[in-house]
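S.K.:
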Amino acid sequence: MNARALAIGWMLTAALLLGAAALDRSASGERAGAELAWSEVAWPFLTDAWPAGRAFSCAPPACAEKVDLYLRLKLGFCNCYSGVADDDEIDRVGDLALLGGEYRAEAVGRPLELGGLSGRVRRFSVAQFNQPRRHAIGIALANRCDALVAMVVSERELSPSSEEAAFAFIDGGRVMDWVRRFSGS
Amino acid sequence: MSARSLTHEAGIISRRYAICILLSSLAAGPALAQSQKIGDAPEAQNMRLVGHHDLQARSAYQPTIHRQGERWIAYIGHHGGTDAVPKPNNPLTGQPKFNGTSIVDVTDPMKPKYLFHIPGLEGKYEGGGGQMTRVCDGKTLPKGDVNAVYLLRTFGGKEHEIWNVADPAAPKLVVRIGEKLKDTHKSWWECDTGIAYLVSGVEGWRTRRMTEVYDLGDPARPVKIRDFGRPGQQPGTAGAVPTELHGPISTGPKGNRIYYGYGTNKGGVLQIIDREKLLKGPTAPTPENLLYPEVGRLELLPLTGAHTTFPLGNMKIAEFARDKLGHERDIVMIVNESLINECQEPRQMVWFVDVTVESKPMVISSYTAAEASGNFCQRGGRFGAHSSNESMAPVFYKKLVFITFFNAGVRAVDVRDPYHPSEVGYFIPAITAATDKRCVKVDGQDRCKVAIQSNNVETDERGYIYVVDRANTGLHILEVTGEARAIAGLAPN
Chain C
1424 MNARALAIGW MLTAALLLGA AALDRSASGE RAGAELAWSE VAWPFLTDAW PAGRAFSCAP
1484 PACAEKVDLY LRLKLGFCNC YSGVADDDEI DRVGDLALLG GEYRAEAVGR PLELGGLSGR
1544 VRRFSVAQFN QPRRHAIGIA LANRCDALVA MVVSERELSP SSEEAAFAFI DGGRVMDWVR
1604 RFSGS
Chain S
95 MSARSLTHEA GIISRRYAIC ILLSSLAAGP ALAQSQKIGD APEAQNMRLV GHHDLQARSA
155 YQPTIHRQGE RWIAYIGHHG GTDAVPKPNN PLTGQPKFNG TSIVDVTDPM KPKYLFHIPG
215 LEGKYEGGGG QMTRVCDGKT LPKGDVNAVY LLRTFGGKEH EIWNVADPAA PKLVVRIGEK
275 LKDTHKSWWE CDTGIAYLVS GVEGWRTRRM TEVYDLGDPA RPVKIRDFGR PGQQPGTAGA
335 VPTELHGPIS TGPKGNRIYY GYGTNKGGVL QIIDREKLLK GPTAPTPENL LYPEVGRLEL
395 LPLTGAHTTF PLGNMKIAEF ARDKLGHERD IVMIVNESLI NECQEPRQMV WFVDVTVESK
455 PMVISSYTAA EASGNFCQRG GRFGAHSSNE SMAPVFYKKL VFITFFNAGV RAVDVRDPYH
515 PSEVGYFIPA ITAATDKRCV KVDGQDRCKV AIQSNNVETD ERGYIYVVDR ANTGLHILEV
575 TGEARAIAGL APN
């Protein structure tokens, strides 16, 4: 290999590395931007058996519609071995009852993996006396014997982009650092 | 005052101070012990170690002590193995086997003799083993083999099994009950009628644990009577799932009550069931049919569960002796289960409930081991209640109960006045090289400590107390001494 070819090779490698770094910066920038779309608000629910969770809100235009996200860690509440194996487990460990009224599943749930945690997600509608019907996505993920449960709630039909935004936020460092810091024993 | 007398005075003060410190230290007892170390002596008050067996370093759950002729046999259920030792060695055979049931001859409690190990389901921790044991003689069951002794046990979370343990050193499998269950747990078996309340998770039901009622009067031919759970747990329902069952205790046909405990460390419920209505009522799992046998229900503060619901029955309350009405009360003791290491949850403890008016049960008193007496939140592992003895033999019944408190060992509680229960003794076993570590997450990293984890306890008619350890330290056989012994009415030792 002559010196010219070697120099071209080095230049190409450097260009590739610079490009990859730029892409990475762009991706992490996007993630950071996506995370910034969510504002933390006070946990709005009354005291119950579990410690209070964290509540976030995302409003248009960052999200397609106004969306509220409620997250809770429930230490020791998950089946350590089968995890969140079926839709009933979402009802068993989840927090949808906090919304009040009656909630009904709108479809069969599906598996979901976020931040390396496996579980299930399912769409619900929530009817409450004298209130407009709300739409919710119930999420339950297992971190060994601990459960991370989440609700994505909106007064409008939840658009796929809002669902994706919520998933991306849960998947991101802001939530997952918190999850890993306090659960997984 | 002269310089000499000042020095003398100072010397006296100093000696008094030293004595005070010594006395405070003695009074504080285990308070000085921050964590257990191998070689440390057990900590005890009014309880004494009689014998010990390591149970092949298997994590232990339910001990059942059964008299077989002139022998006393302990049947001890186990959780699955650990990450480090998933399949412990059985020295009797030289073969590694998955944790199941230990059978130990405790006729001489000073020298417990390991007779046999029945392997359980493959799996680690709560994912394997065979945690539960109940034992009935064939001669007391309606259609049992009069020469047989039957062990009802769980096979992991998947099945229930009955073994003939007439020869406890050579058990024989009689039958397996259920298949592909979601989970099993703390069942109850009436040895006079054969009716069993099996804690199972049946396919279709929305909970991991509910009840399968079986007639095991002829253990070789189980007959299912019905499924039972709380409305909202049955197939076809929607919405939040009511707290899952932990276990029932039946008073049989004479008492006609079954006390159900739901929840471990959250959402606890005591449910009082009319046994006849449960057995003879309509069995289709509709909300109406599931509520039909319920005569009372107490929803606890949701910060606690209901692991064991032990009926103390009708008790004369000394303080109420001159009252025209209500001087006798029906009492149930509820024991919560601590689930999370190092106090990362609300305190799980013991609650006494007056169920005299069954439709309106009320908590009247409580008991917990004092955390500060041993700095238990810092010792490692779980601290808090787990279970009580369930024997109703006269030696301790309505006088003393024994409660396992994980790293605070076993506690002896005087319940003669259930409105004012008081601790009269405790025993915290020493750890050994076999004692397994317990970890918590601190800033995302595991921080582990080693501590005794006294898990379950049972008593026998002779007055011995059998405590088993969840962290693999084995079986400790104890007796009460001093004030606790006097309360039981046992001869001084």
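Going line by line, the protein sequences match chains C and S. Numbered by the numbering used here, the letters in the first sequence go through residues 1424 to 1608 in order. Numbered by the numbering used here, the letters in the second sequence go through residues 95 to 587 in order. We put the CB at the ideal spot given by N, CA and C, even for glycine.
Anything in chain S within Cβ reach of ARG1543 (chain C), meaning under 8 Å, just list it in chain order.
M.R.: Correct list: empty, because the minimum Cβ distance to chain S is about 14 Å.
S.K.: Out of S:LEU433, S:GLN225, S:ASP417, S:ASP277, which one is the CA nearest neighbour of PHE1500 (chain C)?
M.R.: S:LEU433
S.K.: Mind checking which residues open and close the beta strand (DSSP E) that includes PHE446 (chain S)?
M.R.: Its beta strand (DSSP E) spans residues 444-448.
S.K.: What are the residues of the segment 1566-1589 of chain C that lie near chain S, defined by any Cβ-Cβ distance shorter than 7 Å?
M.R.: Going along the segment 1566-1589 of chain C in chain order, one finds no residue with a Cβ nearer than 7 Å to chain S.
S.K.: Of all Cβ atoms in chain C, is any one closer than 8 Å to the Cβ of PRO396 (chain S)?
M.R.: yes
S.K.: Hey, would you say GLU465 (chain S) sits closer than 8 Å to VAL518 (chain S), going by beta carbons?
M.R.: no
S.K.: For LEU120 (chain S) and ASP530 (chain S), I'd like the C-alpha separation in whole angstroms.
M.R.: Because LEU120 (chain S) sits at a pLDDT of 43, beneath the cut-off of 50, its placement in the model cannot be relied upon, and the point is left open.
S.K.: Using beta-carbon positions only, say whether ARG320 (chain S) and THR377 (chain S) come within less than 8 Å of one another.
M.R.: yes
S.K.: Under the three-state reduction of DSSP, which class applies to VAL1602 (chain C): helix, strand or coil?
M.R.: helix
S.K.: Whole-angstrom Cβ separation of PRO515 (chain S) and TYR558 (chain S), contact assumed at under 8 Å?
M.R.: With 8 Å as the limit, PRO515 (chain S) and TYR558 (chain S) do not qualify as a contact, their Cβ atoms being about 22 Å apart.
S.K.: Mind listing which residues of the segment 434-457 of chain S have their C-beta closer than 9 Å to chain C's C-betas, in chain order?
M.R.: ILE434, ASN435, GLN438, GLU439, PRO440
S.K.: Return the Cβ separation of GLY272 (chain S) and GLU306 (chain S) in integer angstroms, given the expectation that the two are a contact with Cβ distance under 8 Å.
M.R.: For a cut-off of 8 Å, the C-beta gap from GLY272 (chain S) to GLU306 (chain S) is around 7 Å, short enough to register as a contact.
S.K.: Got a sec? Which residues, its chain only, sit under 7 Å from ALA1563 (chain C) by beta carbon, not counting five neighbours each side?
M.R.: VAL1507, GLU1512, ILE1513, VAL1516, GLY1517, GLY1542, ARG1543, ALA1570, VAL1572
S.K.: Could you work out which residue in S:PHE490, S:LEU186, S:ASN193, S:TRP166 is closest to ASN566 (chain S) when comparing CA atoms only?
M.R.: S:ASN193
S.K.: Count the other CB atoms within 10 Å of the CB of GLN189 (chain S); is the residue buried (16 or more) or exposed (fewer)?
M.R.: That one is exposed.
S.K.: So which residues of chain C does ASP537 (chain S) contact, with C-beta pairs closer than 7 Å?
M.R.: ARG1604
S.K.: Residues of chain S with CB closer than 7 Å to the CB of ALA1472 (chain C), please, in chain order.
M.R.: LYS360, GLY361, PRO396, LEU397
S.K.: Please list the terminal residues of the continuous beta strand (DSSP E) segment that includes ALA582 (chain S).
M.R.: Unbroken run through ALA582 (chain S) is the alpha helix (DSSP H), 576-582; no beta strand (DSSP E).
S.K.: In this structure, how does DSSP classify GLY194 (chain S) when only helix, strand and coil are distinguished?
M.R.: coil
S.K.: Can you look up GLU370 (chain S) in the DSSP assignment and give me helix, strand or coil?
M.R.: helix
S.K.: At which residues does the beta strand (DSSP E) containing ASP1594 (chain C) begin and terminate?
M.R.: No beta strand (DSSP E) holds ASP1594 (chain C); the alpha helix (DSSP H) holding it covers 1583-1594.
S.K.: Tell me which residues of the segment 512-533 of chain S have at least one Cβ-Cβ distance to chain C shorter than 7 Å, keeping chain order.
M.R.: Against chain C - using a Cβ distance shorter than 7 Å - the residues of the segment 512-533 of chain S are CYS533.
S.K.: Between the segment 388-402 of chain S and the segment 438-445 of chain S, can you find at least three pairs of beta-carbon atoms closer than 8 Å?
M.R.: yes
S.K.: Pick helix, strand or coil for ALA1457 (chain C), following the three-state DSSP scheme.
M.R.: Of the three classes helix, strand and coil, the one that applies to ALA1457 (chain C) here is helix, per DSSP.
S.K.: DSSP puts ASN566 (chain S) in a beta bridge; with which residues?
M.R.: ASN566 (chain S) pairs with nothing; no bridge assigned.
S.K.: Strictly under 8 Å for the Cβ-Cβ distance: is VAL335 (chain S) near chain C by that measure?
M.R.: The beta carbon of VAL335 (chain S) falls within 8 Å of a beta carbon belonging to chain C, placing the residue at that interface.
S.K.: Can you give me the C-alpha to C-alpha distance between LYS350 (chain S) and ASP368 (chain S), rounded to a whole angstrom?
M.R.: Note that residue 350 (chain S) is Asn in the sequence shown here, rather than Lys. When rounded, the distance between both Cα atoms is 6 Å.
S.K.: What three-state label does DSSP hand ASN408 (chain S) in the structure shown?
M.R.: In this structure, ASN408 (chain S) counts as strand in the three-state DSSP scheme.
S.K.: Check the C-beta distance from GLN365 (chain S) over to GLU382 (chain S) and give it rounded, since I have them as a contact under 8 Å.
M.R.: The Cβ separation is near 16 Å, so there is no contact.
S.K.: With distances taken between CB atoms, is the gap from TYR520 (chain S) to ILE458 (chain S) smaller than 8 Å?
M.R.: No, the Cβ-Cβ distance between TYR520 (chain S) and ILE458 (chain S) is not below 8 Å.
S.K.: What runs of the beta strand (DSSP E), each 3 residues or longer, lie entirely inside the segment 180-235 of chain S?
M.R.: 195-199, 207-212, 227-231
S.K.: For LYS280 (chain S), is the classification buried or exposed, using 16 other Cβ atoms within 10 angstroms of its Cβ as the cut-off for buried?
M.R.: The residue in question, LYS280 (chain S), is buried, as its Cβ has 16 or more Cβ neighbours within 10 Å.
S.K.: For ASN587 (chain S), name the three-state secondary structure that DSSP assigns.
M.R.: coil
S.K.: Is there a Cβ of chain S sitting closer than 8 Å to that of ASN1502 (chain C), yes or no?
M.R.: yes
S.K.: So, helix, strand or coil for CYS471 (chain S), using DSSP?
M.R.: helix
S.K.: Who are the neighbours of ASP1511 (chain C) on chain S, taking C-beta pairs under 8 Å?
M.R.: ARG300, THR301, VAL335
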